[in-house]
Amino acid sequence: MFHVGGARSALYNWAVARQSGGTFVLRIEDTDAARNKPEWIDGIIDALAAIGIHGEDAAFEGPYFQSHNADRHREAAQQLFAAGRAYYCDCTREQLKERTGSDHLGYDGFCRDRGLAFEEGRALRFRTPDEGETVVVDLVRGEPAFPNSAIEDFVIARGDGSPVFLIANVVDDLDEGITQVIRGEEHLSNTPKQQLLWEALGAKPPVWAHLPVIVNEKRQKLSKRRDKVALEDYLAEGFLPEAMVNYLMLLGWGPGDDREIMPYEELEQLFRIEDVNTAPAFFDVKKLTAFNGDYTRALSPEQFANACAPWLVAPYAPWAPEAFDKDLFEVAAPLAQTRLALLSEITNYVDFLFLDEPAEDEASWNKAMKAGAGDILSDARAELAAAADWKADDLKAVLLAVGEKHGLKLGKAQAPIRVAVTGRTIGLPLFESMELLGRDRVLARLDAAAKKLAAAQA
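By our numbering, the letter at position 122 of the sequence shown is numbered 255, and the numbering carries on one by one without gaps.
What follows is the structure, encoded as structure tokens:
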């Protein structure tokens, strides 16, 4: 899955690359075989494309694969060993604990001056400077300084000789000409180690920018184990990519005025990485949903109908494929467009048009079919059967008259009619729905509802 935090980071990188005439580099860090499958890689590429980041743009480069650069990773590790910037270590965790008396203290440098050569099982450690500090130039966080004495001699190659992620990442950045790294703040603790590796390899480190963590409503870091975090899940639920992009761009940054809803092209021009906040960013699903509603209502009728297409077929649509009437849907779609917040809601708004019988919603039935509902159904059925015209305004006039007969305002009078016809208390405008459904189908549903109500009261 593609985490929304990763999507936010990607969008910030994309904006900086396009603003500066630079290049956004996509690298798949695939050296962990257990976490690497082709379909997951395809998912990342597809998710990026959904938010506008794709190979058809001149600013896009890749994907590169970290596994393809394994020889260079090994070469760099040996370069550091030959230069005396790294050494082999055969210490076990048990030996370290015996020397330090703790399970939690970092490596104590025991093998620094033992002059060990490579043997199977010996890890290669980077020789961290004993004095001074490593200053990280960070466009978001200023220039945090890390005392070198607090950075242990960290492993850069395992006992089998394979380089670890830290050095692989640095070498790939070097080879791919990376000048800016924009990523989540959870990587900040790795940055001084990576910067030391850059300098030891004779290169100038990139400029860093560590973005604020994204949190849920309880102000806990957004977690895939607890929260819905996959971009794909939001898109599958009916959030428009444009709304997602707009909302994600504002997680930690703002254009500096009261506007929030604006196209990506405008956000890109206004975006400044230096203006990103350091405070945690709250992922507010309600606000995202409101954004999506605004974007949905702004679509043209044709765009809206096309956007709804995935939810008008199996497995979402409860009707038989042959029951779907495209022309009828296109007439109904504008009525739904102003009401729904998610595209996936379209199914429940229009299903009554394509089902033989309306969906059964027990809560709606119980709410509408109260005392007197049977008389309203009966009178409405008689008046509607005799109606000269079957247009929304005429149908409204009929039900107004039925309501007045029973001493009810239109809202109360139409409630049992709505549930009988559409199955739900909430949906498209009732009179337009009845017009679309047609006289015969409406009368049949009123008969069925009256019969069901009578049986329940018997």
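For each residue, glycine too, the CB sits at the ideal point set by N, CA and C. Source: prediction; values computed, not measured.
Whole runs of the alpha helix (DSSP H) within the stretch 148-175, excluding any shorter than 4 residues
Listed in chain order, nothing qualifies, since the stretch 148-175 has no complete alpha helix (DSSP H) run of 4 or more residues.
Please give me, in chain order, every unbroken run of the alpha helix (DSSP H) with length at least 4 that falls completely inside the stretch 542-569.
If we require 4 residues or more, the alpha helix (DSSP H) runs fully inside the stretch 542-569 come out as 543-555.
If you reduce the DSSP assignment to three classes, tell me which class HIS136 lands in.
Here residue 136 is taken as the residue at index 3 of the sequence shown, counted from 1. DSSP places HIS136 in strand when its eight states are reduced to three.
Assuming PRO374 is part of the alpha helix (DSSP H), what are its boundary residues?
Taking the sequence shown and counting its residues from 1, one reaches residue 374 at position 241. Run containing PRO374: 374-382, per the alpha helix (DSSP H) assignment.
Chain-order list of residues whose beta-carbon lies under 6 Å from that of ARG557 (same chain, five-residue window excluded)
Taking the first residue of the sequence shown as 1, we reach residue 557 at position 424. Same-chain partners within the cutoff: ASP494, SER497.
CB GLN76 to CB LEU334, shorter than 9 Å?
One cannot answer for residue 76 here, as it falls past the ends of the chain, which runs 134 to 591.
Endpoints, beta strand (DSSP E) assigned at VAL304:
Indexing the sequence shown from 1 puts residue 304 at position 171. No beta strand (DSSP E) contains VAL304, which is instead part of the alpha helix (DSSP H) from 298-308.
By a C-beta neighbour count over all protein chains shown, 10 Å radius and 16 as the cutoff for buried, is THR429 buried or exposed?
Locating residue 429 in the sequence shown gives position 296, counting from the first residue. It counts as buried.
Can you name the residues that DSSP bridges to GLN313?
Locating residue 313 in the sequence shown gives position 180, counting from the first residue. In DSSP, GLN313 forms a bridge with VAL340.
For the beta strand (DSSP E) holding ILE289, just list the boundary residues, first then last.
Counting from one through the sequence shown, the residue named residue 289 turns up at place 156. 288-290 is the span of the beta strand (DSSP E), which, as asked, contains ILE289.
As a quick exercise: from ASP390, PRO374, GLU208, pick the residue whose alpha carbon is nearest that of LEU421.
As a position in the sequence shown, residue 421 is number 288, starting the count at 1. Checked all of ASP390, PRO374, GLU208; the closest Cα to LEU421 is PRO374.
Would you kindly check if the distance between the Cβ of TYR220 and the Cβ of ASP293 is under 9 Å?
As a working mapping, residue 293 is identified with position 160 in the sequence shown. As a working mapping, residue 220 is identified with position 87 in the sequence shown. No, these two residues do not count as a Cβ contact at 9 Å.
Please classify ASP175: is it buried, with 16 or more other beta-carbons within 10 angstroms of its beta-carbon, or exposed?
As a working mapping, residue 175 is identified with position 42 in the sequence shown. When all chains shown are included, ASP175 counts as exposed.
Name the DSSP beta bridge partners of PRO280, please?
The residue labelled residue 280 in the question sits at position 147 within the sequence shown. For PRO280, which the question treats as bridged, DSSP gives the partners GLU266.
Excluding five sequence neighbours on each side, which residues of the same chain lie with their C-beta closer than 6 Å to the C-beta of ILE550?
As a first step, residue 550 must be located in the sequence shown, where it is residue number 417. Shown here for ILE550: same chain residues with a beta carbon closer than 6 Å to its own, the five before and five after excluded, namely ALA513 in chain order.
Of the choices CYS224, LEU321, ASN349, GLU253, whose alpha-carbon is the least far from that of PHE279?
Within the sequence shown, residue 279 is the residue found at index 146, counting from 1. Out of CYS224, LEU321, ASN349, GLU253, the CA that lies nearest to the CA of PHE279 is found in LEU321.
Please report the distance separating the alpha-carbon of VAL268 from that of GLU318.
The sequence position of residue 268 within the sequence shown is 135, counting from 1. The sequence position of residue 318 within the sequence shown is 185, counting from 1. So the two alpha carbons sit approximately 16 Å from each other.
If you reduce the DSSP assignment to three classes, tell me which class TYR240 lands in.
Mapped onto the sequence shown, residue 240 falls at position 107. If DSSP states are grouped into helix, strand and coil, TYR240 belongs with coil.
Tell me, which residues are paired with CYS222 by DSSP?
The count along the sequence shown starts at 1 and reaches residue 222 at position 89. Under the DSSP definition of a beta bridge, CYS222 partners with ALA256.
Rounded C-alpha distance that separates LYS170 from ASP179
Here residue 170 corresponds to residue number 37 of the sequence shown, with the count starting at 1. Here residue 179 corresponds to residue number 46 of the sequence shown, with the count starting at 1. Between the alpha carbons of LYS170 and ASP179 lies a distance of about 14 Å.
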